[in-house]
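Novice:
Residue numbers (the numbering used here): 169 to 305.
(1) So, is residue 202 buried or exposed, given that buried needs 16 or more other C-beta atoms within 10 angstroms?
(2) Using a 10 Å radius around the Cβ and a threshold of 16 neighbouring Cβ atoms, would you call residue 220 buried or exposed?
(3) Beta-carbon within less than 8 Å of residue 254's beta-carbon, same chain only, minus the 5 sequence neighbours each way: which residues are those?
(4) Between the alpha carbons of residue 286 and residue 244, how many angstroms are there, rounded?
(5) Apart from the five residues just before and just after residue 251, which ones in its own chain have a Cβ nearer than 6 Å to its Cβ?
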């Protein structure tokens, strides 16, 4: 009987796939990718929680925590690839304790364009990525 893949395994495969899209001639991120990443950074604004139900707030807080942990543990390239890999709703379902070691095993040397773009984006939003912020209860 074939073992089923966990949500975390499937997510890691999507992260790897996103990373593979950046060839050696890659100049960075395209407009659609930048828009997706900006949307992910917008969830760090406290106002992002204002009109949400308690369940929606919990999901947003879980994703914030995940992005912060990925950034602090694995760096800007990996957090950007995670932002590109799936929707916030699906990312909220992931178990952080399972995901981080699986992502750690997938660390690779990114292409210059991706590395430069990810570093610049994360520097721009460094304050929210490094703050402990409001945590899910």
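Don't be surprised by glycine CBs; every beta carbon is placed ideally from N, CA and C.
Specialist: Straight from the coordinates:
(1) By the beta-carbon neighbour count (other beta carbons within 10 angstroms, threshold 16), residue 202 is exposed.
(2) Burial state of residue 220 is exposed, judged by a 10 Å Cβ sphere holding fewer than 16 other Cβ atoms.
(3) Excluding residues within five positions, the ones whose Cβ falls inside 8 Å are 179 and 182.
(4) Each residue's CA atom was taken as its position, placing residue 286 and residue 244 some 5 Å apart.
(5) Excluding the 5 residues flanking it on each side, residue 251 has same chain C-beta neighbours closer than 6 Å at 205 and 208, in chain order.
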